[in-house]
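For reference, the structure is listed below as structure tokens.
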Amino acid sequence: MNWEELCFHIQNGRDSASLGLYSAARTSYGKALHLINDFLSTCTDVERREQWQSAIQTINVELSTVNSITELLEDLSRSSACRNGSAIESLIFNIEENKPWPSPTNVDKKTSSVLLTRSTNKKQNVTEFEKEKQKACSSKSFDVPRSGANTSGNSRRRLVNSNESTPNRPPVKKNTSAAGHKSANRPQSSEDQPVQNCLNVEVEKKFDSSNCDKELVEILERDIVLRNPNIHWSDIAGLTEAKNLLHEAVVLPRIMPMFFKGLRSPWRGVCMFGPPGTGKTMLAKAVATECNTTFFNVSASTLTSKYRGDSEKLVRLLFEMARFYAPSTIFIDEIDSICSRRGSESEHEASRRVKSELLIQMDGVISSNPNSAAGVLVLAATNFPWDLDEALRRRLEKRVFIPLPDASCRLEMLKLNLRDLKLADDLDLTEIAEKLEGYSGADLTNVCRDAAMMSMRQRIAGLEMDEIARLHAEDLDLPITRQDFVEALARSSKSVSQQDLDKYEKWMKEFGSI
1 MNWEELCFHI QNGRDSASLG LYSAARTSYG KALHLINDFL STCTDVERRE QWQSAIQTIN
61 VELSTVNSIT ELLEDLSRSS ACRNGSAIES LIFNIEENKP WPSPTNVDKK TSSVLLTRST
121 NKKQNVTEFE KEKQKACSSK SFDVPRSGAN TSGNSRRRLV NSNESTPNRP PVKKNTSAAG
181 HKSANRPQSS EDQPVQNCLN VEVEKKFDSS NCDKELVEIL ERDIVLRNPN IHWSDIAGLT
241 EAKNLLHEAV VLPRIMPMFF KGLRSPWRGV CMFGPPGTGK TMLAKAVATE CNTTFFNVSA
301 STLTSKYRGD SEKLVRLLFE MARFYAPSTI FIDEIDSICS RRGSESEHEA SRRVKSELLI
361 QMDGVISSNP NSAAGVLVLA ATNFPWDLDE ALRRRLEKRV FIPLPDASCR LEMLKLNLRD
421 LKLADDLDLT EIAEKLEGYS GADLTNVCRD AAMMSMRQRI AGLEMDEIAR LHAEDLDLPI
481 TRQDFVEALA RSSKSVSQQD LDKYEKWMKE FGSI
């Protein structure tokens with residue numbers, strides 16, 4: 001790319017905009033954007049692409065400002081109300097000016113001083129009247145030409161001030177433009193300062209979809225980006241090893257970026273496996289909430305398409321957006337359904353291509369920028385780790401077993417689930433935690449929910465619908481007793497067998513990596 005030509009077009013666009021040559025400014029900005037887009041179509045460096053994407057955003061903001069000023073000028077030129085008002089005012093002024101002056105009269109010396117004072121006041125009033133008349137004429141008959149070649153500094157100053165009074169003007173910050181740095185060394189006059197303030201605006205980081213399919217980008221932004229998970233570390237009981245690993249992979253690299261370089265680069269792939277209902281998905285949501293990173297929530301349904309080749313494009317766009325919004329986290333739930341072992345008889349050609357693209361992109365995430373701490377973390381969860389492809393297993397550097405909760409963890413879960421409810425004095429949570437041995441976190445939550453419903457069921461037993469509707473909330477919100485938990489335990493059972501646990505532990509001993 002010709003750097004001198006790019007700098008010339010950007011500088012020419014800004015100079016033309018400051019001088020009022022808005023048509024020339026739009027042409028120069030368009031040529032600059034064309035040069036950058038041509039360069040990005042062949043650029044493969046991730047960091048350079050991010051820098052030029054931010055430069056494109058800055059140029060687009062300046063171009064939109066020029067377009068808004070042009071639209072304002074066109075509206076003013078089409079408006080005829082101001083010109084009609086100025087004609088009426090000038091007609092009134094001409095009538096006042098053409099009135100004949102009265103003939104002078106002879107006065108005596110006694111009244112000369114009084115008349116002199118009156119004439120002085122009259123002259124002052126006429127002078128003020130003429131000033132007001134000229135001010136009204138200049139303000140109402142103000143018409144801005146299309147071209148800025150003959151525009152004076154005063155009219156240009158009035159135009160910028162009128163734009164500054166609009167309520168939708170974005171906040172102004174210091175100049176952070178990525179291109180056209182020569183303009184910083186040029187002395188700015190008082191007339192150019194409002195234009196510079198209007199052009200320097202704060203922009204939210206937005207992924208540029210000009211070089212890819214806009215519909216696929218909209219699908220990713222609408223269905224995959226998780227906005228408000230609202231799950232915190234304190235909402236998850238136990239799982240100390242998994243929390244420490246995620247803290248080391250996501251939080252610490254942002255706090256100590258100078259340490260996590262080279263061989264100490266942060267982990268780029270973490271796989272959480274274990275029986276269902278042990279908190280794998282909640283851990284991922286806690287990462288999104290606590291670590292303040294862009295979180296992409298991916299499942300098999302969001303990466304599949306009925307059109308040939310779109311699934312691979314979605315995978316590639318997903319990782320491009322993750323690199324653009326870095327630091328970011330890609331959470332792939334039930335990853336075994338997307339990237340199972342290749343070479344099976346039931347494998348389809350389309351799924352094979354998706355797996356290959358996913359493996360290529362994950363390897364690119366790990367090796368493209370090993371010295372950068374602010375990167376992309378691929379966080380995966382599965383209940384069937386033995387079905388994962390060998391190449392994917394290698395790319396998921398850390399493989400953590402999420403087991404069933406122990407006694408202390410079950411007690412903490414009971415306290416978390418029952419923290420907003422009333423408890424009876426005869427309820428011993430330690431005893432209930434011992435009876436829940438072998439239950440998963442989801443099973444324990446279901447038992448607590450069932451026990452909390454017992455008092456309501458007993459209260460409405462044998463009542464008609466009208467009688468139930470007349471009950472007050474205080475009549476139903478009764479403390480949870482030990483008997484409620486005994487009945488709830490009698491009506492529920494475990495969802496994970498010992499045979500499944502042995503299978504997880506065996507795979508952990510063979511392929512696990514904490």
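UniProt numbering applies: residue 1 is where the sequence shown begins, and numbers increase by one. Where is the CB? At the ideal position from N, CA and C, for every residue including glycine. Being a predicted model, the structure only gives us computed values, none of them experimental.
Residues of its chain near residue i, where Cβ-Cβ distance is below 6 Å and the 5 sequence neighbours each way are ignored
i: asparagine 383; result: Pro276
i: glutamine 498; result: none
i: proline 385; result: Phe273, Trp507
i: asparagine 67; result: none
Proximity of residue i and residue j at Cβ, strictly below 8 Å
i: valine 270; j: leucine 396; result: yes
i: lysine 415; j: aspartate 477; result: no
i: leucine 216; j: leucine 314; result: yes
i: alanine 424; j: isoleucine 480; result: yes
i: serine 311; j: leucine 303; result: yes
i: glutamate 248; j: serine 299; result: no
i: aspartate 484; j: serine 455; result: yes
i: alanine 322; j: leucine 283; result: no
i: serine 340; j: aspartate 387; result: yes
i: alanine 278; j: leucine 404; result: Position check: residue 278 holds threonine in this sequence, whereas alanine was assumed. Contact: yes.
i: arginine 26; j: leucine 63; result: yes
i: arginine 353; j: aspartate 389; result: no
i: threonine 289; j: histidine 232; result: yes
i: lysine 503; j: tyrosine 439; result: no
i: isoleucine 59; j: leucine 239; result: no
Beta-ladder partner(s) of residue i, from DSSP
i: glycine 269; result: Val378
i: serine 513; result: Arg399
i: aspartate 333; result: Ala381
i: leucine 388; result: Ser340
i: valine 298; result: Ile332
i: leucine 411; result: Paired residues: none, contrary to the question.
i: isoleucine 360; result: According to DSSP, isoleucine 360 bridges with nothing at all.
i: isoleucine 59; result: BP columns for isoleucine 59 are empty, so no partner.
i: proline 423; result: Correcting the residue type first, residue 423 is leucine in the shown sequence and not proline. DSSP, once it has assigned bridges, lists Ile480 as partnering leucine 423.
Between the CA atoms of residue j and residue i - distance to the nearest angstrom
i: lysine 261; j: valine 250; result: 14 Å
i: glycine 30; j: aspartate 45; result: 24 Å
i: residue 518; j: glutamate 357; result: Nothing about residue 518 can be read from this structure; the chain reaches only from 1 to 514.
i: alanine 380; j: serine 513; result: 14 Å
i: glutamate 349; j: lysine 509; result: 33 Å
i: alanine 488; j: leucine 444; result: 10 Å
i: threonine 70; j: serine 54; result: 25 Å
i: glutamate 464; j: leucine 471; result: 11 Å
i: methionine 272; j: serine 41; result: 37 Å
i: glutamate 505; j: aspartate 450; result: 31 Å
i: isoleucine 219; j: alanine 326; result: 19 Å
i: cysteine 79; j: isoleucine 56; result: In the sequence as presented, cysteine is not what sits at residue 79; that position holds serine. Using only the alpha carbons, I get a separation of about 35 Å.
i: serine 496; j: asparagine 244; result: The question names serine, yet the displayed sequence has valine at residue 496. Looking at the two C-alpha atoms, the distance is approximately 26 Å.
i: aspartate 466; j: isoleucine 460; result: 11 Å
i: arginine 49; j: cysteine 43; result: 7 Å
i: serine 337; j: serine 351; result: 10 Å
i: glycine 274; j: alanine 407; result: 18 Å
i: glycine 462; j: glutamate 221; result: 51 Å
i: phenylalanine 319; j: isoleucine 360; result: 10 Å
i: alanine 286; j: asparagine 230; result: 8 Å
i: phenylalanine 142; j: leucine 73; result: Confidence in phenylalanine 142 is poor, its pLDDT being 40 and thus under 50, which makes the residue's placement too unreliable to answer from.
i: glutamate 47; j: valine 376; result: 13 Å
i: serine 301; j: isoleucine 330; result: 15 Å
i: leucine 392; j: methionine 453; result: 44 Å
i: aspartate 38; j: asparagine 2; result: 11 Å
i: arginine 457; j: leucine 427; result: 19 Å
i: aspartate 420; j: glutamate 474; result: 15 Å
i: tryptophan 507; j: leucine 246; result: 21 Å
i: isoleucine 255; j: isoleucine 468; result: 56 Å
i: isoleucine 332; j: arginine 399; result: 14 Å
i: phenylalanine 511; j: cysteine 448; result: 35 Å
i: asparagine 12; j: valine 61; result: 16 Å
Within-8 Å CB hit, residue i to chain B
i: glutamate 334; result: You won't find chain B in this structure, because it holds only one protein chain.
Own chain residues within Cβ distance below 8 Å of residue i, not counting five before or after
i: asparagine 446; result: Ser492
i: histidine 9; result: Ser28, Tyr29, Lys31, Ala32, Leu35
i: leucine 6; result: Ala32, Leu35, Ile36, Ala179
Cutoff 7 Å; reference residue i; Cβ partners in own chain excluding five residues on either side
i: methionine 362; result: Gly269, Val378, Arg395
i: methionine 413; result: Ala237, Pro405, Gly441, Leu444
i: lysine 435; result: Leu489
Could you name each continuous alpha helix (DSSP H) segment of 4 residues or more that falls completely within the stretch 423 to 458, going from the start of the chain to the end? Contiguous alpha helix (DSSP H) elements confined to the stretch 423 to 458 occur at 429 to 435, 441 to 452, taking only those with 4 or more residues.
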